[in-house]
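Undergrad: Below are the structure tokens for one structure; questions will follow.
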Amino acid sequence: FLHENGFNFTRLFFNFQTLRYPDFPEDPYLINMWELEDLDHLLAWCIQYDVHLQIAMRGYLDENGVNEKESPQRMPQNDEAWELTQTYWAMLTERYAGIPSKYLSFDLCNEIQPEPHELDKQKEKLGEMVEQMRAIDPNRVLLYSQWNMGNIEWTEAFASLGVGVGCHPYIP
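Going by our numbering, the sequence shown opens with residue 24, and the numbers climb by one from there.
Encoded structure:
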């Protein structure tokens, strides 16, 4: 449908809890391979029809592997949650390594930003994750989509890591 109607881009809002559906095992590192295969099929379809797929992170997991309940717009809140986040992104980066950027990009943090007092710690953790992803697939396009004007310090933190920055302006 997208290809037939002249579109060449689609954005998949995604969070890692999707990969644990429907059984949500106790071990948050266990992935339902059927869910991952669905993502593989979507990407294969996009390549077949010359449509770019952007996987856009929409909400991080807590250390138990479930969506952050208190505020889905928060960054990972502790080292354990960051470790889980880094493991999932590394898995996807490795799985899709070598697929041309023409077909695939990762939006690491769709409209999510830390509280001002968390900025340095979150930048450090994000930097570790980006470095790990770049080591696996140095050519993958990595993005951050900020909302409205965003927090300029956070935007600059992302940009300093070599991550592309986009803006979703909802207020003129």
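Where is the CB? At the ideal position from N, CA and C, for every residue including glycine.
So, is the C-beta of T108 closer than 8 Å to a C-beta in chain C?
TA: Reference to chain C is not applicable here, since this structure consists of a single protein chain.
Undergrad: Quick one: grab the DSSP three-state call for V153.
TA: Correct three-state label for V153: helix.
Undergrad: Can you say whether N133 is buried or exposed, counting buried as having 16 or more other CB atoms within 10 angstroms of its CB?
TA: N133 is buried by the Cβ-count criterion.
Undergrad: Using CA atoms only, rank isn't needed, just tell me which of V89, I122, I135 and S128 is closest to N174.
TA: For the residues V89, I122, I135 and S128, the minimum Cα distance to N174 belongs to I135.
Undergrad: Relative to the C-alpha of L161, which residue among E117, W68, P139 and N101 is closest?
TA: Note that residue 161 is Pro in the sequence shown, not Leu. Per the Cα distances, E117.
Undergrad: Residue range of the beta strand (DSSP E) that S124 falls in?
TA: Element bounds for S124: n/a, residue is neither H nor E.
Undergrad: What do you get for W57, buried or exposed, if any count of 16 or more other CB atoms within 10 angstroms of its CB means buried?
TA: With fewer than 16 Cβ atoms within 10 Å of its Cβ, W57 is classed as exposed.
Undergrad: Just to confirm my understanding: we take Q169, look at its own chain, exclude 5 residues before and 5 after, and list those with CB closer than 6 Å. What are they?
TA: Excluding residues within five positions, the ones whose Cβ falls inside 6 Å are T178 and C190.
Undergrad: From the DSSP secondary-structure annotation, give me the bridge partner or partners of W170.
TA: W170 pairs with H191.
Undergrad: Whose CA, out of A120, H26 and Y111, lies closest to the CA of L84?
TA: Per the Cα distances, Y111.
Undergrad: For L66, I'd like the list of residues in its chain whose CB is within less than 8 Å of its CB, leaving aside the five on either flank, ordered along the chain.
TA: L76, Y119, I122, Y126 and L127, listed in sequence order.
Undergrad: Check M98 in the structure and name its three-state DSSP category.
TA: M98 falls in the coil class under three-state DSSP.
Undergrad: Do Y167 and L142 come within 8 Å of each other at the CB atom, strictly closer than that value?
TA: It is not a contact, given that the beta carbons lie outside the stated cut-off.
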